Amino acid sequence: MSKAEVLEQIHKLPQEDQREIAETVLDELACSDDDLTPEQIAELDRRAEDALRNPGRGKPAEQVFREIRERLENK
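Going by our numbering, the residue at position 38 of the sequence shown is 80; the numbering climbs one at a time, nothing skipped.
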């Protein structure tokens, strides 16, 4: 089955099934700890701990996405 045929079949599925397929594919493509250096893993762990200790310091996802869109539109 070609990529186009697979996509055509996916588009025929209910949206929830499409979402599940997308999540599964993304999970399989996500980098594993094997792809990261020990320094990168330590930095990610540090940032995660900091975020858990200081939840009020972060920005809402909607705001972050809006800022990214604005920066990309202004390029």
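For every residue, glycine included, the Cβ atom is placed at its ideal position computed from N, Cα and C.
All figures in this text were calculated on a predicted structure; none of them were measured in a lab.
- May I ask which residues mark the beginning and end of the alpha helix (DSSP H) holding alanine 72? The continuous stretches of alpha helix (DSSP H) do not include alanine 72, and DSSP gives it neither H nor E.
- Which of the three DSSP states, helix, strand or coil, is assigned to proline 80? In this structure, proline 80 counts as helix in the three-state DSSP scheme.
- Query: Can you name the start and end residues of the alpha helix (DSSP H) that lysine 45 belongs to?
  - Reply: Looking at the DSSP string, the run of the alpha helix (DSSP H) that includes lysine 45 is 45-54.
- Specify the secondary structure class of glycine 98 as computed by DSSP and reduced to three states. It is helical.
- Rounded straight-line distance, which links the Cα of arginine 111 to that of glutamine 60: Cα to Cα, the separation comes out at about 25 Å.
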